[in-house]
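Data first, discussion second: the structure below is written as structure tokens.
There are 2 protein chains.
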Amino acid sequence: MLSTRKKIVVIADQLIRMKGYNAFSYADIASTLNIKNAAIHYHFQSKAVLGKEVIIASREKFKENTTLWSSFSSFDQVNAFIEMYSNNSKNNCICFMGALGSSYNTLPIEMQQELTDAHEEITVWLINVLKLGKEKQEIEFDITAEEMSDLITSGMLASLILDRVSKHAVLDNVKRTLLKRIEKKN
Amino acid sequence: MLSTRKKIVVIADQLIRMKGYNAFSYADIASTLNIKNAAIHYHFQSKAVLGKEVIIASREKFKENTTLWSSFSSFDQVNAFIEMYSNNSKNNCICFMGALGSSYNTLPIEMQQELTDAHEEITVWLINVLKLGKEKQEIEFDITAEEMSDLITSGMLASLILDRVSKHAVLDNVKRTLLKRIEKKN
DNA sequence: GCACTTACTTACTAATAAGTAAGTATATTT
DNA sequence: AAATATACTTACTTATTAGTAAGTAAGTGC
């Protein structure tokens with residue numbers, strides 16, 4: 562059983578990824594958890610603080626995941642990373658980077674900073690996996706690791722968004738294409 | 562000199578791509594154009610109608626552009642398409658597909674439908690250019706045209722978003738990588 | 001010169017937003 | 001047993017939201 566505080570973060574996270582930061586309200590959280598509006602304010606001074614907490618929780622989950630994957634081959638680590646994004650699509654959700662990045666200009670500065678740090682953290686990890694994988698000859702690609710990292714994160718972020726908009730399966734197409742791109746030939 | 566009606570659509574478009582559909586208000590438009598709140602309602606019955614009009618205007622601009630590009634080589638057409646996305650980055654804006662797609666679940670149905678149709682229109686055009694280009698041997702790629710189309714639209718949509726979040730130039734990396742991907746070798 | 005339309009403004013409404021101050025019930029500490 | 005902290009609720013405030021009803025001023029058509 563989670564504490565109310567943790568439940569609020571979980572619900573806020575889902576609401577942000579389902580509706581966006583500016584479209585969800587304290588009333589949405591309160592009604593879901595059967596508590597009152599003011600109870601949220603007891604745990605979080607402001608919406609900005611709650612929003613920042615949601616990003617922090619996502620960063621912690623990411624760190625946990627990468628630790629779990631650390632014994633995997635480079636290909637499997639990238640694959641697990643891609644699958645982590647795919648899992649967001651449950652309940653009509655997108656990833657937190659897409660949900661918050663798309664309204665970056667309207668976010669309170671503390672959330673902007675946390676989001677930028679989160680992106681940096683993800684990018685540093687992915688570039689490292691790609692570089693090491695190339696060295697170890699577990700994967701191959703003909704562009705720089707930085708370019709490959711941007712291609713993967715961009716592709717996954719957007720295909721979650723476009724999967725909601727489009728009639729066909731954008732996510733599946735992009736996943737397949739990206740993995741094919743780093744796969745060893747012969 | 563544009564009519565007030567057209568000015569409202571232009572400003573609404575910029576606001577949507579800068580702040581998102583749920584973060585902009587009639588007050589934002591009114592203050593920019595030095596008119597009153599109610600004047601917007603005179604031209605558009607509701608925010609949903611205005612939002613739909615913004616998508617329609619974008620679709621018309623897209624059709625104009627593709628007509629202008631029709632004499633270009635396949636590579637140059639894809640390049641022009643990518644540059645069209647890049648131009649969105651002025652004034653801290655993203656593309657309308659990213660701005661509206663990321664809050665798809667909160668949009669009124671008429672906007673959802675118009676956005677889905679817009680995506681379909683863009684995809685049909687791009688797949689066609691890619692297929693013809695491959696036939697004419699003006700470009701080359703080792704995946705299907707459908708996969709390549711999804712990779713390009715996803716990459717451009719997301720790199721505009723991540724360019725705001727990231728410290729480094731995601732947009733440049735993705736643009737370069739995508740063009741390299743279809744470029745003829747030798 | 002009168003009817004009618006166009007393009008607004010003034011003045012408002014009802015709903016919803018985040019946030020707050022003060023009170024309460026329960027458990028924990030001393 | 002008294003004091004204190006925890007985890008809320010009740011009741012509210014202030015600001016902002018989209019939207020509306022009624023009025024007006026400047027043209028247009030006849």
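So the sequences go chain by chain: Y and A. Residues 562 to 747, numbered by the working numbering, are exactly what the first sequence covers, in order. Residues 562 to 747, numbered by the working numbering, are exactly what the second sequence covers, in order. Ideal placement from N, C-alpha and C gives every residue a C-beta, glycine not left out.
- By the Cβ criterion, the region 656-669 of chain Y is in contact with the region 571-582 of chain A, since at least three pairs of Cβ atoms, one from each stretch, lie closer than 8 angstroms.
- Between the region 689-698 of chain A and the region 600-613 of chain A there are fewer than three inter-stretch CB-CB distances shorter than 8 angstroms, so the stretches are not counted as touching.
- Taken through DSSP and simplified to helix, strand or coil, residue 661 of chain A comes out as helix.
- Boundaries of the alpha helix (DSSP H) harbouring residue 646 of chain A: 635-648, taken from the DSSP string.
- Residue 716 of chain Y sits in a helix when the DSSP states are folded into three classes.
- Under a 10 Å Cβ-count criterion, residue 709 of chain A is classified as buried, with 16 or more other Cβ atoms of the shown protein chains found around its own Cβ.
- The contact set of residue 596 of chain Y on chain A, defined by CB atoms closer than 8 angstroms, is empty, because the minimum CB distance reaches about 23 angstroms.
- Your pair residue 731 of chain Y and residue 703 of chain A does not check out as a contact, with CB atoms roughly 19 angstroms apart and the cut at 8 angstroms.
- Under the Cβ criterion of 7 angstroms, residue 715 of chain Y is counted among the residues facing chain A.
- It is roughly 18 angstroms from the alpha-carbon of residue 682 of chain A to the alpha-carbon of residue 716 of chain A.
- Counting only the Cα atoms, residue 648 of chain A lies some 27 angstroms from residue 736 of chain Y.
- Scanning its chain for C-beta atoms nearer than 6 angstroms, with the 5 sequence neighbours on each side dropped, one finds around residue 701 of chain A the residues 745, in chain order.
- The C-beta of residue 580 of chain A comes closer than 7 angstroms to at least one C-beta of chain Y.
- Taking CB atoms only, residue 620 of chain A has no neighbour in chain Y less than 7 angstroms away.
- In chain order, 572 place their CB closer than 7 angstroms to the CB of residue 593 of chain Y, counting only its own chain and leaving out the 5 sequence neighbours on each side.
- Annotated three-state conformation of residue 563 of chain Y is coil, per DSSP.
- If you ignore the 5 residues before and after residue 658 of chain Y, its C-beta comes within less than 6 angstroms of the C-beta of 718, all in its own chain and listed in chain order.
- Judged by their CB atoms, residue 699 of chain Y and residue 632 of chain Y are not nearer to each other than the 7 angstroms cut-off.
- DSSP places residue 679 of chain A in the helix class (H, G or I) of the three-state scheme.
- Counted as a single uninterrupted DSSP element, the alpha helix (DSSP H) harbouring residue 587 of chain Y occupies residues 587-594.
- For residue 735 of chain Y, the closest Cβ of chain A is nearer than 7 angstroms.
- Residue-level contact check: residue 593 of chain A does not touch chain Y, since none of the beta carbons of chain Y fall below 7 angstroms from its beta carbon.
- Contacts between residue 665 of chain Y and chain A, judged by CB atoms closer than 7 angstroms, involve 725, 726 in chain order.
- Judged by their CB atoms, residue 602 of chain A and residue 566 of chain A are not nearer to each other than the 7 angstroms cut-off.
- Taking C-beta separations shorter than 7 angstroms and ignoring five residues to either side along the sequence, the partners of residue 721 of chain Y in its chain run 646, 649, 650, 655, 656, 659, 732, following chain order.
- In chain order, 699, 700 place their CB closer than 6 angstroms to the CB of residue 636 of chain A, counting only its own chain and leaving out the 5 sequence neighbours on each side.
- Interface annotation, residue 640 of chain A: not in contact with chain Y, CB-CB separation never under 7 angstroms.
- If you draw a straight line from the Cα of residue 706 of chain A to the Cα of residue 738 of chain Y, it is about 11 angstroms long.
- With contacts defined by Cβ atoms closer than 7 angstroms, residue 570 of chain A and residue 639 of chain A do not form a contacting pair.
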